[in-house]
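First the structure, in the form of structure tokens, and then the observations on it.
Numbering (the numbering used here), first residue to last: 163 to 586.
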């Protein structure tokens, strides 16, 4: 048999083997099917879960189009489908189908690689096997990128609020340092930083509250900073060298743009009470003698925003309205989540809202994020707001993405099990 005949034989045999494999694996459960190819490809557990997720997603799409009755419709499962709607289903399913084709080719080649009697055919099969293995891992990498889950509004600009908490002047001082770190980090990422409101302490060394607008694809890169930040260090004013613990709270909200405002976050002018008054504090005769300060109150929710930083009443009102829109939008989104699934578990156990998300221990030169249990031992490097800060943030974002992936995978499994309700 010449070389061309051997190649032809390989193709014909491949068709025969493909038919056998299709029959053999047609009704194999998802996880057993994944396990059947994991050993050959040397897949990690996370890669196996990636394949399982993709396969279940493809099955979900098929059932939605062909047999929607097989997905028992209830509020919990509707919520799972809504969560999945943000994913690029078509691209994921197409990539998974490519993966299936490649793994079938590997199985077919395996039939010939077991036969060592024909060295020439074996060499051809091994060469093609190596090429397909490389393609398979490239496809897995592409699948991983498609399933890199991001929060809603991840490309939106953001409002960043930093407030001093427990700890008096030391909390206000650390709030100022944390705000400066965020400003440097935004400059490092080439985002536009625009202070909207800043309340300093009497000595001017710290801040009690600051609100900043950050433009760019910001929210998805900073959402994980929301929560309580705890600092443990010895204040400069401490004569006995005792360690003090202070806290600073950080709030990160997606900025509501005009397009979003016209749809889901529109505010009725009749629901907003506007109060004008004279500004307090330093600023000269102009701010003290004119009613430039503005307080907006959203009557239905009770949310209040005060703004007096600008000498212009009009500018103060615009800034206050921007903040009010974002806060009301966040409240509406939160209420929508409560209606769709178990609000208690969502709000109490949500990592974003947990107490003390991070500790800054200056004595140990350590920063620890308690959600993902990751630490770095360079507080000065982190507070510079540059490369090391981004590396630490990246680890936290990856952890959030993995947590969301695990939850969606669990819900996908349950979605195909009519006897179980998805997790919230």
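All C-beta atoms in this analysis are idealised placements derived from N, C-alpha and C, irrespective of residue type, glycine included.
Reference residue 407; option with closest CA among 413, 391 and 415: In the chain shown, counting from the first residue as 1, residue 407 sits at position 245. Of 413, 391 and 415, the residue nearest in Cα terms is 391.
When the Cα atoms are used, what is the spatial distance from residue 249 to residue 255? Your numbering for residue 249 matches position 87 in the chain shown. Your numbering for residue 255 matches position 93 in the chain shown. Each residue's alpha carbon lies about 11 Å from the other.
Can the beta-carbon of residue 366 be found closer than 8 Å to that of residue 331? Position 204 of the chain shown, counting from 1, holds the residue named residue 366. Position 169 of the chain shown, counting from 1, holds the residue named residue 331. Against a cut-off of 8 Å, the Cβ pair of residue 331 and residue 366 comes out as no contact.
Neighbour-count burial assignment, residue 485, 16 or more Cβ in a 10 Å radius: Residue 485 sits at position 323 when you count from the first residue of the chain shown. That one is buried.
Could you compute how far the alpha carbon of residue 491 sits from the alpha carbon of residue 264? In the chain shown, residue 491 corresponds to position 329, counting from 1. In the chain shown, residue 264 corresponds to position 102, counting from 1. In a straight line, the C-alpha of residue 491 is about 46 Å away from that of residue 264.
Do you know offhand how far residue 223's Cα is from residue 251's? Position 61 of the chain shown, counting from 1, holds the residue named residue 223. Position 89 of the chain shown, counting from 1, holds the residue named residue 251. If I take the Cα positions, the gap works out to 8 Å.
Give every residue of the same chain whose Cβ lies closer than 6 Å to the Cβ of residue 341, excluding the five residues on either side of it in the sequence, and list them in chain order. The residue labelled residue 341 in the question sits at position 179 within the chain shown. So the qualifying residues of the chain are 324 and 372.
If we ignore side chains and look at the alpha-carbon of each, how far apart do residue 400 and residue 413 end up? Working through the chain shown from its first residue, we reach residue 400 at position 238. Working through the chain shown from its first residue, we reach residue 413 at position 251. So the alpha carbons of these two residues sit roughly 30 Å apart.
For residue 588 and residue 472, what's the separation of their Cα atoms in angstroms? Nothing can be reported for residue 588: it is not among the residues displayed for the chain, which extend from 163 to 586.
State the DSSP-derived secondary structure class of residue 432, mapped to helix, strand or coil. Counting from 1 along the chain shown, the entry for residue 432 is found at position 270. Residue state, collapsed to three classes: helix.
In this structure, does DSSP put residue 383 in helix, strand or coil? Locating residue 383 in the chain shown gives position 221, counting from the first residue. Residue 383 falls in the helix class under three-state DSSP.
According to DSSP, residues forming a beta bridge with residue 394: The residue you call residue 394 lines up with position 232 of the chain shown. In DSSP, residue 394 forms a bridge with 407 and 523.
For the beta strand (DSSP E) containing residue 529, name the first residue and the last one. Mapped onto the chain shown, residue 529 falls at position 367. 528-531 is the span of the beta strand (DSSP E), which, as asked, contains residue 529.
Mind checking who residue 371 pairs with in its DSSP beta bridge? In the chain shown, the residue the question calls residue 371 occupies position 209. Beta-bridge pairing links residue 371 to 325 and 361.
Any beta-carbon of chain C closer than 8 Å to the one on residue 484? No chain C appears in the structure shown, which is made up of a single protein chain.
Is the Cβ-Cβ distance between residue 536 and residue 559 less than 8 Å? Position 374 of the chain shown, counted from the start, is the residue given in the question as residue 536. Position 397 of the chain shown, counted from the start, is the residue given in the question as residue 559. Against a cut-off of 8 Å, the Cβ pair of residue 559 and residue 536 comes out as no contact.
Looking only at C-alpha atoms, which of 563, 257 and 294 sits nearest to residue 271? For the purposes of this step, residue 271 is identified with residue 109 of the chain shown, where counting begins at 1. Checked all of 563, 257 and 294; the closest Cα to residue 271 is 294.
The region 280-288 / the region 345-354 touching (three or more Cβ pairs under 8 Å): no
Is it a yes or a no for the region 428-443 touching the region 515-525, going by three-plus beta-carbon pairs under 8 Å? no
Under three-state DSSP, which class holds residue 300? Residue numbering aside, residue 300 sits at position 138 when the chain shown is read from its first letter. Helix at residue 300.
Evaluate the contact criterion for the region 298-309 versus the region 353-362: three or more CB pairs, one atom per stretch, below 8 Å. no
Going by beta carbon distance, what residues of the same chain come within less than 7 Å of residue 328, once the five residues before and after it are set aside? For the purposes of this step, residue 328 is taken as the residue at position 166 of the chain shown. Around residue 328: 408 and 409.
If the criterion is Cβ atoms closer than 8 Å, does the pair residue 317 and residue 386 meet it? As a working note, residue 317 is residue 155 in the chain shown. As a working note, residue 386 is residue 224 in the chain shown. No. Outside cutoff.
So, with DSSP's three-state summary, where would you put residue 458? Locating residue 458 in the chain shown gives position 296, where the first residue counts as 1. Note: residue 458 maps to strand in three-state DSSP.
Going by DSSP, which residues form a beta bridge with residue 414? Numbered from 1 along the chain shown, position 252 holds the residue referred to as residue 414. DSSP output for residue 414 lists 322 as bridge partner(s).
Name the DSSP bridge partner or partners of residue 537? Counting from one through the chain shown, the residue named residue 537 turns up at place 375. DSSP output for residue 537 lists 530 as bridge partner(s).
Do the CB positions of residue 376 and residue 322 come within less than 8 Å of each other? By 1-based counting over the chain shown, the position of residue 376 is 214. By 1-based counting over the chain shown, the position of residue 322 is 160. Yes, Cβ-Cβ distance for residue 376 and residue 322 is below 8 Å.
Would you kindly work out how many angstroms separate the C-alpha atoms of residue 104 and residue 525, rounded to a whole number? Outside the displayed span of the chain (163 to 586) sits residue 104, for which this structure offers no information.
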